[in-house]
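Residues in the sequence shown are numbered from 77 upward in steps of one, following the numbering used here.
Quick notes on the structure that follows.
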Amino acid sequence: MNKIFYEHLQEIIGTERCFLQENMGRHTTFGVGGPADYYVRPRRSDAAQVLSLCRTYGIPCLVIGNGSNLLVGDQGIRGLVMELGREAAQITVEGRVVKAQAGALLSAVARTAANYSLAGMEFASGIPGTIGGAVVMNAGAYGGEMKHIVRKAIVLTKDGDEIGLSKEELDLGYRHSCIPEQEYIVLEAELALEHGDPGKIQERMAELRRQRREKQPLEYGSAGSTFKRPEGYFAGKLIQDAGLRGYRVGDAQVSEKHCGFVINRGQATASDIIQLIRDVQEQVKAKFGVHLETEVRILGEF
Ligand SMILES: Cc1cc2nc3c(=O)[nH]c(=O)nc-3n(C[C@H](O)[C@H](O)[C@H](O)COP(=O)(O)OP(=O)(O)OC[C@H]3O[C@@H](n4cnc5c(N)ncnc54)[C@H](O)[C@@H]3O)c2cc1C
């Protein structure tokens, strides 16, 4: 531990927002992952200073949102993890535009939009991520995707400058944006929605929630769809047809309810999950000649 760095960090964002050796299993929906050397929860206004301090001390800095698309290794993460979550979650509405800080949960943004009779965000109401994570991943479901509603994002560059990026500059595609390759940090996003009927908006959100409960193994830890959809196929169907429904490595399992989900039945380790992912990739490749690319972001030391 670098004591001077940590003291400096505490001075900037407050001791109550800084943690040492923080177990990442508490911050990922898979419920696995070893300790991060440093874990911080800055407010939006403090993110630039945290980044700058990391650069000064040569400490690697990784940003996460709600940890709902992450597989973190059992040995954890060397360096600092910056959670842009509950401390950076303000939502404001101006006409048809919803401005949300990176840490705002999609469910909260969708609820706010519905309260203002704004339609277009319903598809995202059941995705358990933040606005920041959703822009990075161009999250999508039930025919909707962030690309359809994002108007602009405010990001921090690796030099610590705040810049605005248009939808085109974000280069949003299937589970893709320019954010990771440019090493940007999303601070805020503006969503352009449409006026709609409040009853219909609520109805649509309730219907999508029902569909999720029916089709997805929400009673277990997971990171949603483990693999991207390969061109011309469905990952879940390939996995099922390869005979892997319910396949287990330790407490990691291919969900019996939805083969596209790898679940943690309770005591899985990150090593179990990564082994299961590799086994599935290998068997699907051998049987169908298709490579399943992970949608889940794999981080840290295994
Ligand atoms: C039960 C379940 C259902 C799901 N259903 C869907 C679905 O229908 N559609 C879908 O698209 N996804 C789905 N997901 C996956 C996940 O919720 C989304 O990918 C979500 O957008 C991730 O947001 P997050 O805040 O949790 O990001 P995290 O998992 O914390 O991070 C994801 C990536 O974004 C980066 N990141 C996060 N925040 C920032 C930021 N502010 N600046 C820069 N980089 C950042 C991280 O470094 C990481 O690379 C599901 C997951 C679960 C567990």
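The C-beta atom is built at its ideal place from N, Cα and C for all residues, glycine as well.
Under 7 Å: does the beta carbon of residue i sit that close to some heavy atom of ligand 1?
i	result
Val185	no
Leu144	Before going on, a small fix: residue 144 reads as Ser here, not Leu. Under cutoff, so the answer is yes.
Ser229	Reading off the sequence, residue 229 comes out as Ala, not Ser. No, since every heavy atom of ligand 1 falls outside the 7 Å radius drawn around the Cβ of Ala229.
Met77	no
Leu294	yes
Gly209	yes
Ile255	yes
Ala268	no
Val212	yes
Ile225	no
Arg373	yes
Leu241	no
Ala265	no
Ser128	no
Roughly how many whole angstroms lie between the Cα atoms of residue i and residue j?
i	j	result
Cys130	Cys137	7 Å
Gly342	Asn145	18 Å
Ala379	Ile277	The requested residue 379 does not occur in the structure, where the chain is confined to residues 77 to 378.
Val211	Lys243	10 Å
Ile374	His271	39 Å
Ala229	Gly319	43 Å
Met322	Arg305	Per the sequence shown, residue 322 should be read as Gly rather than Met. So the two alpha carbons sit approximately 20 Å from each other.
Cys75	Ser301	No statement about residue 75 is possible, as the shown extent of the chain runs from 77 to 378 and does not include it.
Leu352	Ala328	7 Å
Glu80	Arg120	The amino acid at residue 80 is misidentified as Glu; the sequence shows Ile. Those two C-alpha atoms are separated by around 23 Å.
Phe303	Val372	7 Å
His103	Arg117	12 Å
Met222	Gly216	6 Å
Pro256	Ile135	18 Å
Suppose the cutoff is 8 Å on Cβ atoms and the five residues either side in sequence are ignored; what does the same chain contact list for residue i look like?
i	result
Leu96	Met77, Tyr82, Asp113, Tyr114, Tyr115
Gly219	Phe199
I'd like the list of long-range same chain contacts for residue i, defined as Cβ closer than 6 Å, with 5 residues on each side in sequence excluded.
i	result
Ser298	Phe337, Ile339
Lys175	Thr168, Glu266
Gln151	Gly110, Glu377
Arg285	Gly202
Gly149	Ala346, Gly376, Glu377, Phe378
For residue i, decide whether its Cβ has a neighbour in chain C, counting only Cβ atoms nearer than 8 Å.
i	result
Ala195	Of the protein chains in the structure, only one exists, and it is not chain C.
Do residue i and ligand 3 come close, with the Cβ less than 7 Å from some heavy atom?
i	result
Val139	Inclusion of ligand 3 in the displayed structure is not the case, the ligand content consisting of ligand 1 alone.
Counting only the same chain and skipping the five closest in sequence on each side, list residues whose C-beta sits under 7 Å from that of residue i.
i	result
Tyr260	Val231, Leu232, Thr233
Val360	Leu314, Ile315, Ala318, Val366, Leu368
Asp348	Val325, Gly326, Asp327, Ala328
Ala344	Val108, Gly326, Asp327, Ala328
So within the region 87-162, which uninterrupted beta strand (DSSP E) runs reach at least 3 residues, ignoring any that extend past its ends? 94-99, 111-116, 137-140, 146-148, 153-159
Could you tell me which whole alpha helix (DSSP H) segments of length 4 or greater appear in the region 196-246? Qualifying alpha helix (DSSP H) stretches, in chain order: 207-213, 222-225, 243-246.
Identify every run of the alpha helix (DSSP H) within the region 291-359, keeping only runs that are complete inside it and at least 4 residues long; order them along the chain. Counting whole runs of 4 or more residues, the region 291-359 contains the alpha helix (DSSP H) stretches 311-317.
Going along the chain, which unbroken runs of the beta strand (DSSP E) with 3 or more residues stay wholly within the region 246-275? Listed in chain order, the complete beta strand (DSSP E) runs (minimum 3 residues) inside the region 246-275 are 261-268.
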